[in-house]
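Working notes, beginning with the structure itself.
Number of protein chains: 2
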Amino acid sequence: MNRQCILISRPTGVAQAENFAIVETPEAVLGDGQIRVRNAFLSVEPAMRGWIADAGNYAAPVAIGSVMRAIAVGEIIESRSADYALGEYVTGWFGWQEQAVADASAIIRRVTETDLPLSLSLGVLGINGVTAHLALTRIGEPRPGDTVLVSTAAGAVGSAVGQIAKLLGCRTVGIAGGADKVAQCLSRFRYDAAIDYKSGDIAATLTAACPDGVNVYFDNVAGAISDAVYPKLAIGARVVVCGTASITNWDPWPTGPRVERHLLVKRARMQGFVIFDHMDRYSDSVVQLAEWVRSGQLVYDEDILDSIDACPDALAGLYRGENKGKRVIKL
Amino acid sequence: MNRQCILISRPTGVAQAENFAIVETPEAVLGDGQIRVRNAFLSVEPAMRGWIADAGNYAAPVAIGSVMRAIAVGEIIESRSADYALGEYVTGWFGWQEQAVADASAIIRRVTETDLPLSLSLGVLGINGVTAHLALTRIGEPRPGDTVLVSTAAGAVGSAVGQIAKLLGCRTVGIAGGADKVAQCLSRFRYDAAIDYKSGDIAATLTAACPDGVNVYFDNVAGAISDAVYPKLAIGARVVVCGTASITNWDPWPTGPRVERHLLVKRARMQGFVIFDHMDRYSDSVVQLAEWVRSGQLVYDEDILDSIDACPDALAGLYRGENKGKRVIKL
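These protein sequence lines are chains P and F, in that order. With the numbering used here applied, the first sequence has no gaps in its numbers, which climb one by one up to 332 at the end. With the numbering used here applied, the second sequence has no gaps in its numbers, which climb one by one up to 332 at the end.
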């Protein structure tokens with residue numbers, strides 16, 4: 002039998018444990034070209050909120066009654082594909098379940114970094130690291146000497162953005178919530194400066210931390226933090242819109258200070274980034290990220306939950322802020 | 002004696018006639034490298050509001066007591082420059098005055114299109130036409146078949162944007178205020194569709210006029226019109242932020258629906274454009290625009306006021322919407 006976590010009702014806002022159920026289903030039979038993967042780790046992403054929401058998004062919402070959409074990594078235990086062999090490790094859209102039957106189209110890549118922990122394929126060598134790397138370089142276009150400001154600076158994406166920007170010769174400033182995360186930004190992720198948005202006047206702190214303005218703002222939150230950042234943009238600044246984590250509900254649609262005047266006066270650019278538009282660069286990016294991980298220039302934190310039973314509450318817990326590092330579920 | 006229009010007090014919001022005065026000053030003596038220009042036409046721009054405002058902008062504000070900053074076009078009537086000869090026509094930063102003493106740095110270009118009206122150097126062959134052309138092509142990046150939506154579609158910049166987008170193979174949709182301007186968009190500026198923002202439900206009208214979404218939104222207004230447009234952006238859309246004319250006051254800073262989610266879900270881009278960053282392409286652009294004007298593919302309207310005495314109220318009148326076409330002052 003295969004244990005699965007399915008979506009049983011559509012939440013308003015962030016999905017809670019009661020929106021999911023664990024079910025047991027018989028093993029499916031493999032069709033031509035398919036593989037069976039025994040998942041070793043399941044991923045938990047902030048973006049899952051959007052995948053579940055019945056609103057405009059970049060993919061169709063997860064259907065009620067179906068296995069929760071998720072990236073996972075595991076070993077091939079049965080193969081009817083000429084391209085994939087028994088015993089190989091792959092990462093892909095295998096869902097929140099113990100075993101997956103997958104077509105080639107569901108596979109993101111073969112995991113070849115066997116010297117590194119398998120779970121990294123879901124984090125710093127997966128969607129988080131690749132998002133950080135490609136969104137920063139392709140949309141943010143950082144130049145040596147630029148001030149790169151990162152929101153959720155200690156998070157799975159943000160911490161990689163800060164470190165990569167530093168490797169590219171930028172001055173890095175992180176925004177995080179609380180003294181612990183700020184300390185982590187400075188000591189662990191080597192930001193040049195870090196701001197606690199929960200303490201003091203963020204506008205004044207930003208001005209002090211970014212005396213020449215902000216050349217690249219890598220934004221994972223939107224909301225009040227971003228509102229404080231826009232007036233500090235430097236001429237020609239680039240804003241990477243990578244997430245809107247601070248806004249838990251878009252119905253009714255929230256308002257904020259208008260951005261048009263900032264963009265005009267600063268000749269600045271705001272642009273949305275979704276990793277699924279950039280899958281052609283995914284493997285090359287992982288190769289680069291793995292080199293940085295091996296050399297110790299790119300560090301990461303993981304928050305590892307145990308067993309499929311951890312799935313239902315895993316996303317809600319992420320939005321409660323209880324994880325420190327990339328949240329994955331070990332099976 | 003030289004008659005000048007000077008700024009005598011700083012307005013809040015749009016400058017009114019009482020913020021200016023006409024004065025007579027003696028002719029200045031030419032220094033080495035300088036020229037004396039007899040202005041034939043003075044320009045009146047919506048952007049002057051920003052040049053006057055004592056707020057963050059892309060240039061230092063016009064000082065109280067000084068000649069109003071303006072582009073003008075005229076004939077060289079005295080020259081101590083090796084590069085410019087008596088009798089040549091030039092356009093540049095000559096100010097709201099009858100005669101200007103100018104350094105080479107104030108000259109934008111020599112007017113060589115002597116077969117066309119001189120006043121065009123302030124409009125369709127000047128800052129308006131060049132802004133339309135360069136902002137559309139460099140920031141909007143229209144592709145044949147794209148839907149290009151233009152606000153202030155019948156205005157000096159907007160009407161050129163619509164026509165140029167059409168020449169580049171796009172489907173063009175204009176937004177304008179009132180039945181007259183809508184009719185003008187369709188008949189004169191050859192938009193494929195035109196929307197009256199003063200009549201009916203703009204969201205529904207936009208959906209009908211842009212069934213495949215908006216690939217390029219060329220925005221001169223911001224505010225409620227733009228708020229209705231953002232939800233209609235197509236995947237990969239480009240928003241050219243060229244002006245914020247609908248917002249007459251940024252103190253207190255106005256709010257509106259947040260744009261981040263639209264930019265993320267649509268992987269769209271918003272970017273500010275200020276012509277002064279693109280002066281290296283100015284002359285090449287004028288050459289192209291003049292070709293289109295000569296062939297009748299690019300038409301324009303002018304609103305010509307008479308004499309320096311028209312200056313003080315000229316900008317306020319522009320914001321009252323009393324002009325039809327590019328407003329210039331003939332001396």
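Note that CB positions come from ideal geometry on N, CA and C, so glycine has one too.
Within chain P, the residues that residue i reaches when beta carbons sit closer than 8 Å
i	result
Glu-142/F	Simply none; closest approach about 12 Å.
Gly-159/F	Ordered by position in chain P, no residue passes the 8 Å Cβ test against Gly-159/F, which lies about 16 Å from the chain.
Trp-251/F	Arg-262
Ala-223/F	Arg-259, Glu-261, Arg-262
First through last residue of the alpha helix (DSSP H) which encompasses residue i
i	result
Arg-282/F	Careful: Arg-282/F lies outside any alpha helix (DSSP H) and carries neither H nor E.
Arg-50/P	49-53
Lys-199/F	Taken as a continuous stretch (DSSP letters only), Lys-199/F belongs to no alpha helix (DSSP H), as it is neither H nor E.
Glu-19/P	No alpha helix (DSSP H) holds Glu-19/P; DSSP gives it neither H nor E.
Val-230/P	224-230
Asn-40/F	First-last for Asn-40/F: 36-44, but that is the beta strand (DSSP E), not the alpha helix (DSSP H).
Residue burial classification, residue i (beta-carbon count within 10 angstroms, cutoff 16)
i	result
Gly-170/P	exposed
Gly-178/F	buried
Met-49/F	buried
Asp-220/F	buried
Lys-371/P	Since the first and last residues shown for chain P are 2 and 332, residue 371/P lies out of range.
Leu-121/P	buried
Arg-328/F	buried
Leu-299/F	buried
Gly-66/F	exposed
Phe-95/F	buried
Asp-197/P	buried
Glu-303/P	buried
Leu-87/F	exposed
Thr-153/P	buried
Which listed residue (the options) has its alpha carbon closest to that of residue i
i	options	result
Phe-274/F	Val-275/P, Phe-277/P, His-263/P	His-263/P
Glu-142/F	Tyr-218/F, Asp-193/F, Ala-101/F	Tyr-218/F
Ile-203/P	Glu-89/P, Ile-226/P, Gln-185/P	Ile-226/P
Arg-39/F	Asn-3/F, Ala-291/F, Val-125/F	Asn-3/F
Ala-269/P	Pro-255/P, Arg-239/P, Asp-252/P	Arg-239/P
Gly-244/P	Ile-128/F, Arg-328/F, Lys-267/F	Lys-267/F
Ala-223/F	Asp-181/F, Gln-272/F, Gly-237/F, Ala-205/F	Gln-272/F
Lys-167/P	Asp-193/P, Glu-28/P, Arg-110/P, Lys-182/P	Asp-193/P
Arg-139/F	Gly-146/F, Val-241/F, Arg-11/F, Ala-157/F	Val-241/F
Arg-70/F	Val-158/F, Ala-60/F, Trp-97/F, Gly-88/F	Trp-97/F
Asp-55/F	Glu-19/F, Pro-12/F, Leu-187/F, Pro-118/F	Pro-12/F
Leu-265/F	Asn-324/F, Ile-236/F, Gly-297/F, Trp-52/F	Ile-236/F
Asp-307/F	Ala-154/F, Ala-317/F, Asp-228/F, Ile-330/F	Ile-330/F
Gly-124/P	Val-91/P, Ser-247/P, Val-158/P, Asp-116/P	Val-158/P
Lys-233/F	Ile-305/F, Leu-150/F, Ile-276/F, Asp-278/F	Leu-150/F
Arg-110/F	Cys-186/F, Ile-248/F, Val-287/F	Val-287/F
Val-63/P	Thr-153/P, Gly-326/P, Asp-278/P, Ser-10/P	Ser-10/P
Asp-181/F	Ala-18/F, Gly-322/F, Val-24/F, Cys-6/F	Gly-322/F
Extent of the continuous beta strand (DSSP E) to which residue i belongs
i	result
Lys-327/F	327-331
Asp-307/F	303-307
Ser-80/P	73-80
Ala-235/F	234-242
Thr-256/P	256-258
Val-162/P	Note, Val-162/P: premise wrong, no beta strand (DSSP E); alpha helix (DSSP H) at 157-168.
Ile-176/P	172-177
Asn-216/P	215-220
Nearest-angstrom beta carbon gap, residue j and residue i [assumed within contact, 8 Å]
i	j	result
Thr-148/F	Asp-213/F	6 Å
Ile-36/F	Glu-79/F	7 Å
Ile-72/F	Gly-127/F	7 Å
Val-131/F	Tyr-283/F	6 Å
Val-260/P	Val-260/F	6 Å
Ala-105/P	Gly-32/P	Not quite, the Cβ-Cβ distance comes to about 11 Å (not below 8 Å), so this is no contact.
Thr-256/P	Pro-145/F	Wrong, their Cβ atoms sit about 37 Å apart, outside the cutoff.
Cys-186/P	Ala-155/P	5 Å
Proximal chain F residues relative to residue i, where beta-carbon distance stays under 7 Å
i	result
Arg-139/P	Simply none; closest approach about 11 Å.
Chain-ordered chain P contacts of residue i [CB-CB under 7 Å]
i	result
Gly-257/F	Thr-256, Arg-259
Thr-245/F	Glu-261, Arg-262, Leu-265
Under 9 Å by beta carbon: chain F residues contacting residue i
i	result
Gly-124/P	Near Gly-124/P there are no residues of chain F at all, since even the closest Cβ is about 21 Å away, more than 9 Å.
Contact set between residue i and chain F, taken where Cβ atoms lie within less than 8 Å
i	result
Arg-270/P	Arg-270, Met-271, Gln-272, Gly-273
Val-162/P	Result: empty, since nearest Cβ-Cβ is about 16 Å, beyond 8 Å.
Val-15/P	By Cβ distance, chain F contributes nothing, its closest Cβ being about 15 Å from Val-15/P, past 8 Å.
Val-242/P	Glu-261, Leu-264, Leu-265
Any C-beta of chain C under 7 Å from that of residue i
i	result
Trp-94/P	Absent from the structure is chain C; the protein chains it does hold are P and F.
Residues that residue i contacts on chain P, provided the C-beta gap is smaller than 9 Å
i	result
Asp-278/F	Ile-236, Gly-237, Arg-268
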